[in-house]
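Below is one structure, written out as structure tokens; the observations come after it.
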Amino acid sequence: MIRLDAVSKVYNQGRHNEVWAVRDLRLELETRGITVLKGPSGSGKTSLLAMLGCLSRPSSGRIHLEGRLLSNLPERFMTQVRRSTFGFIFQRFNLIRGLTVLENVMLPAYPLAPDPGRLRDQALGLLRQFRLEERAHNKSEWLSGGEAQRTAICRALINDPAIIIADEPTANLDSQLSRELLTLIGELADQGKGILISSHDPLVFDHARVSRVVELRDGRLA
Amino acid sequence: MISFLRRQGYLLEYSLASLARRPGKHLGLVLVYATLVFLLASTLLFTQSLRQESALVLAESPELIVQRLLAGRHDLIPASYLEQLGTIRGVGERYGRLWGYFYDPAVRANYTLMVPRAAPPAAGEVQLGAGVARARGLSPGDYLSLRSARGEPFSFRIAALLPADTELVSSDLMLLNAQDFRRFFDFPADRFTDIVLRVRNPVEVRKVAEKISLALPDTRPILREEILRTYDAVFGWRQGLVFVLLTGAMLAFVIFAWDRASGLSGEERREIGILKAIGWETGDVLRMKFWEGAALSLTAFLLGYLLAYVHVFHFAAVLFAPVLKGWAVLYPDFRPVPFVDGLQVATLFFFSVFPYTVATIIPIWRAAITDPDQVMR
Amino acid sequence: MPLTPAILALNLASLTQSLLLVLAAGFAIQILRHWDLSSGSERQLGLERRTYLIATLVAWVFGGNLLSLLLFVYNAEQLSTQFVGAMCATGVLNANPWGWPTLGLKISLFFAGAAWLILNGVDNQAPDYPLVRPKYALLLLIAPLALAEVTAQALFFTALNPDLITSCCGSLFSPEGGGVAAEIAGLDPAVSLAALALSGLALLATGLRYWRRGRGGGLFALLAALTFGIALTAIVSGVALYVYEHPHHHCPFCLLKSGHDFVGYGLYVPLFAATALALGAGLMEVWRSAPSLKAIIAIRGPRLAGLSLILFALFYGLATWLVLRSNLLLLGPI
Ligand SMILES: Nc1ncnc2c1ncn2[C@@H]1O[C@H](COP(=O)(O)OP(=O)(O)O)[C@@H](O)[C@H]1O
Ligand SMILES: [Mg+2]
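Residue numbers (our numbering), protein chains in the order written: chain W, 1 to 222; chain Y, 1001 to 1377; chain A, 2001 to 2334.
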């Protein structure tokens, strides 16, 4: 359960280009199942996801995750929560060029310093699960869109997070690949992962597996 | 502890991979960096081994030399002083030395003529330093003709060349026996150039020197330690001068390093953003970046130091021996003795790695605090 | 001032270090004034990010200081040929009144930096950063120390005059001489070695108690500081004699030379590290009742103390071995 209490996010506060991306938001979100944040571009979906995923701190208000207050943690501790609790799938896959698929998948685990052999096995296991074992030693920039997206999913799963956050995951995929992606996400939900997706793609928020849709407009609930 | 080491291992691995992915970007930096180390290290290694060399030579020289002064200038010392010096307590062995300089117009150079104490050459024969031999194109068995003080030609047979291992000192040397020396220079028979004393107890050298200047007020005792001191000061000062000049180069390097570290490409910025978003902490990024700096520094330092070592000890510091040794016609073909110590390495560190690191702290930190949510925009 | 590269390096390094520390102190003041962890403002975020910079700066100053301490001693060693009467670093440090204070300030800076970094490491474990204010206030105290060090060092080198006749370990540390050094050297080796052994036992007792029960950390740190002083004294008045196998050679620096198998490093490295760890443990004990740190300090403090004890044991072991293996008999057959 994630609880938001009067959460606001403002950029460039006090300057002429001040933007209120999220305003005074009160909301309770079930972490199980698939939740979609829906809304037009600029409505504050990404800003909200970033705050939920401990990537940024609200300018004011509080966020509780399973009863634990997250919103006033210093960056150092936000990072700890983030890497153990959340896995991220980004709109522009954000794989690191020049590194192999396997290395990209293992990256989030480096700061946790697991046993190298075990980490490798785990990463290879994930790649197998997502039919990427052939690609493990290819450089990430040679992947097709679908493969890159699946690599990003493997990377999001390497630290075994409870919640997966996906920001506009279908924006760079065609309908066919989008559907495949949603099937994969459905499987993850079946395995008990909580899923938070932001999207303005009907293919996503109209999907059968989606448990709830939260609509945003101008940083408020629509 | 294990997890700490393992984490550093992962970070190091990542930073090495990151360096390997962009070799071109770092090549220039490493080259400039290594050049700086090379210049500094060459200076240090070279002067240090000069200093070492002269200390070795001087170690065998006498503790105390007594010169006579006349109107404040070095004059020949009467042989009778030898006996008076014998009455001073603590003085052991003593003997008069004969040596002097000779200007050879043929090669426009000064030779040092000297009568060796042990095994002087036979009459009419000389032993030559390598520099003189080279300048005159002579080898053992040849004859060397010089004009004496009275203007008469003197011909010496070259019995042997002096060993080259202390060439810095012996290069311009010409050894001959006492009769030849006195005849050649028309040197008074009851005089010596100076007198050399051995003091039985080294701790008493200063006391003996004091007594000498009381007993023979027209003499000046010179202590070996004083010569050593002067040498050291001169070498240290020359090194220092070169370093002051190189400080300018160091500052330029600092600015270059700062510029390189702050001028991250968009690609690198994005990379750091990704790392932070997927769970790397600011501290992890900082450490990764410092590993990167450490790898660069180590490479450049080793490269520069090695090149300097080869330059100084295998190529006799060809690039700047003239500056450091002073101009001499009888240019000694000096082969420095390899010598490395902690002082040098620590000094070098403070002139290269330390400024590099300081220059990169703030740029690295700036990169490391990239907003983790940046990659979502 | 002799213008040798090493002296240039030392001055440049100290100058840079104090500039970095002044910079860090400036940031520390901003943090002291504006820190508000409950705020999500951009300024607070900026301050939090500054803390990384400050810690990095202090860590580098600390590391640089460690090296410059070594360089300072090496350099004094090398300069000794230029001073009449100086046979090793001692004579050079003695050439004017600034030599020993500079060395002392460098050592203090080392301990201050180490203790601060340890404290900082502890504070970073608690999400509410309870030590922010004391920590940065302490930093404001360290900065003047660095300024004092750079000044003392510059004065020392400026006043170095190679024509000066100085007194070296032989006379400085000879019991007939005057001053603190002579008094230290004049101590009966039996007394100083006994004091060293006693303080070692006391240290072991308090250290073990702190390690097992988590009590008496402050006392342990105090004893460690005391032992550090006693150990330096004992090295000068006792251990050195056994190493040199000469009843009047007291120099604490010649131990670092190759002629004595570099045993000095074996003695000083564990001694300095052990003392630094103990001081860090003692410092964090001051805040052991901070709610969010209680559990962390209860684990870290004793762990540091354990590590410190191991290092002290290394020091004591080596010192004992040096005395036992020596052919010098000062204490007579026991
Ligand atoms: N770092 C930033 N600085 C300034 N304005 C921003 C920043 N990030 C987002 N914004 C602004 O905040 C508003 C919400 O953006 P965002 O959360 O990305 O919405 P969405 O993801 O729904 O498109 C937009 O007007 C955007 O321009
Ligand atoms: Mg968006």
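Cβ atoms here follow ideal geometry from the backbone N, Cα and C, with glycine treated the same way.
field: CB contact below 9 Å: Y/A1368 versus chain A
entry: Among the CB atoms of chain A, one or more fall inside 9 Å of the CB of Y/A1368.
field: alpha helix (DSSP H) segment containing Y/L1085, residue limits
entry: Counting along the chain, the alpha helix (DSSP H) containing Y/L1085 begins and ends at 1081-1086.
query: Excluding sequence positions up to five away, which residues of its chain have a Cβ less than 6 Å from the Cβ of Y/A1359?
result: Around Y/A1359: V1254, A1257, W1258.
- prompt: Out of W/L27, W/H16, W/V10, which has the shortest C-alpha to C-alpha gap to W/T4?
  reply: As written in the sequence, residue 4 of chain W is Leu, which differs from the Thr given in the question. Taking the Cα of W/L4 as reference, the smallest distance to any Cα among W/L27, W/H16, W/V10 is reached at W/L27.
query: Going along the chain, which residues of its own chain have a beta-carbon closer than 7 Å to the beta-carbon of Y/P1188, five neighbours each way excluded?
result: Once the five neighbours on either side are set aside, the close Cβ partners of Y/P1188 are L1076.
task: Would you mind telling me which residues of chain W sit closer than 7 Å to A/Y2129, beta carbon to beta carbon, in chain order?
output: Near A/Y2129 (Cβ distances below 7 Å), the residues of chain W are P74.
task: Please work out which residues of its chain come closer than 6 Å, Cβ to Cβ, to A/T2399, disregarding the five sequence neighbours upstream and downstream, and give them in chain order.
output: Past the edges of chain A, shown from 2001 to 2334, lies residue 2399 of chain A, and the structure says nothing about it.
message: Using the Cβ count rule (16 or more neighbours within 10 Å means buried), how would you classify Y/T1230?
response: So Y/T1230 counts as exposed.
query: Of the residues that make up the stretch 2038-2053 of chain A, which ones have a beta carbon closer than 8 Å to any beta carbon in chain W?
result: If the cut-off is 8 Å between Cβ atoms, the stretch 2038-2053 of chain A has S2038, G2040, S2041, E2042, L2045, E2048, R2049 near chain W.
query: Of all Cβ atoms in chain C, is any one closer than 9 Å to the Cβ of A/E2077?
result: No chain C appears in the structure shown, which is made up of the protein chains W, Y and A.
- prompt: Comparing the C-beta of Y/L1275 with each C-beta of chain A, is any distance below 9 Å?
  reply: Closer than 9 Å: no.
query: Mind pulling the alpha helix (DSSP H) runs of 4 or more residues that sit fully within the stretch 1066-1145 of chain Y?
result: Complete alpha helix (DSSP H) runs here, min 4: 1081-1086, 1130-1136.
- prompt: Among W/R76, W/V19, W/T35, W/D115, which residue has its Cα nearest to the Cα of Y/D1371?
  reply: Ranking W/R76, W/V19, W/T35, W/D115 by Cα distance to Y/D1371 puts W/R76 first.
8 Å Cβ cut-off: residues of chain W touching A/N2124: Taking the beta carbon of A/N2124 as reference, the chain W residues within 8 Å of it are R76, listed in sequence order.
query: Is Y/W1291 close to chain W, meaning its C-beta is less than 9 Å from at least one C-beta of that chain?
result: Among the residues facing chain W, Y/W1291 is not included, as its CB has no counterpart in that chain under 9 Å away.
task: Please report the Cβ distance between A/P2002 and A/L2079, rounded to the nearest whole angstrom; I am assuming they are in contact, meaning their Cβ atoms lie under 8 Å.
output: Confirmed, about 7 Å.
query: Between the Cα of A/L2271 and the Cα atoms of A/H2250, A/L2309, A/R2049, which residue gives the shortest distance?
result: Checked all of A/H2250, A/L2309, A/R2049; the closest Cα to A/L2271 is A/L2309.
query: Does the pairing of the stretch 38-53 of chain W with the stretch 96-111 of chain W give three or more beta-carbon distances under 8 Å?
result: Flag = no, the stretch 38-53 of chain W and the stretch 96-111 of chain W do not touch.
field: Contacts that W/S84 makes with chain A (C-beta to C-beta distance below 8 Å)
entry: Under the 8 Å cutoff, chain A gives no residues; its nearest Cβ is about 14 Å from W/S84.
message: Less than 9 Å between CB atoms is the rule here; does W/F90 satisfy it with respect to chain Y?
response: So, interface residue.
- prompt: Near ligand 1, which residues have their beta-carbon less than 5 Å from any of its heavy atoms, given in chain order?
  reply: Sorted by chain position, residues whose beta-carbon lies closer than 5 Å to a non-hydrogen atom of ligand 1 are W/Y11, W/V19, W/A21, W/S41, W/G42, W/S43, W/G44, W/K45, W/T46, W/S47.
query: Of all the CB atoms in chain Y, is at least one closer than 9 Å to the CB of A/G2064?
result: Yes - at least one Cβ of chain Y is within 9 Å of the one on A/G2064.
- prompt: What three-state label does DSSP hand W/S116 in the structure shown?
  reply: The residue asked about is misnamed: residue 116 of chain W is Pro in this sequence, not Ser. In the structure shown, W/P116 sits in a helix (DSSP, three-state: H, G or I).
- request: State yes or no: is the C-beta of Y/Q1374 nearer than 8 Å to some heavy atom of ligand 2?
  value: Checking the Cβ of Y/Q1374 against ligand 2 gives no.
field: Secondary structure of Y/L1264, DSSP reduced to three states
entry: Coil, per DSSP.
- prompt: By a C-beta neighbour count over all protein chains shown, 10 Å radius and 16 as the cutoff for buried, is W/R128 buried or exposed?
  reply: Residue burial annotation: W/R128 is exposed, with fewer than 16 other C-beta atoms found within 10 angstroms of its C-beta.
task: With DSSP as the reference, please indicate the residues paired to W/E215 in a beta bridge.
output: According to the DSSP secondary-structure assignment, W/E215 is paired through a beta bridge with W/K38.
task: For Y/G1326, count neighbouring C-beta atoms within 10 Å of its own C-beta (all shown protein chains included) and say buried if the count is 16 or more, exposed if not.
output: Residue placement at Y/G1326 is flagged as unreliable, the pLDDT there being 45, under the threshold of 50; the coordinate-derived value follows with that caveat. That one is exposed.
query: Hey, W/G87 and W/A156: beta-carbon distance below 9 Å or not?
result: When the beta-carbon positions are compared, W/G87 and W/A156 come within less than 9 Å of each other.
field: C-beta neighbour in chain A for Y/P1153, strict 9 Å
entry: So no, Y/P1153 is outside the interface.
message: I'd like to check one pair, Y/R1157 with Y/E1125: are the Cβ atoms closer than 9 Å?
response: In contact: Y/E1125 and Y/R1157 (Cβ atoms closer than 9 Å).
message: If you reduce the DSSP assignment to three classes, tell me which class W/H64 lands in.
response: DSSP, reduced to helix, strand and coil, places W/H64 within a strand of the structure shown.
Within-9 Å CB hit, Y/A1209 to chain A: Taking Cβ atoms only, chain A never reaches closer than 9 Å to Y/A1209, which makes this a no.
- prompt: What residue from Y/A1346, Y/Q1127, Y/V1196 has the CA that sits closest to Y/P1378's CA?
  reply: For chain Y, the structure presents residues 1001 to 1377; residue 1378 of chain Y sits outside this window and is missing.
message: Quick check: what's the CA-CA separation for Y/A1261 versus Y/Q1008?
response: Distance between the alpha carbons of Y/A1261 and Y/Q1008: 21 Å.
task: Give the residues of chain Y in contact with A/L2287, contact being defined as C-beta atoms less than 7 Å apart.
output: Per the sequence shown, the amino acid found at residue 2287 of chain A is Trp instead of Leu. For A/W2287, none of the residues of chain Y pass the 7 Å Cβ criterion, the least Cβ distance being about 22 Å.
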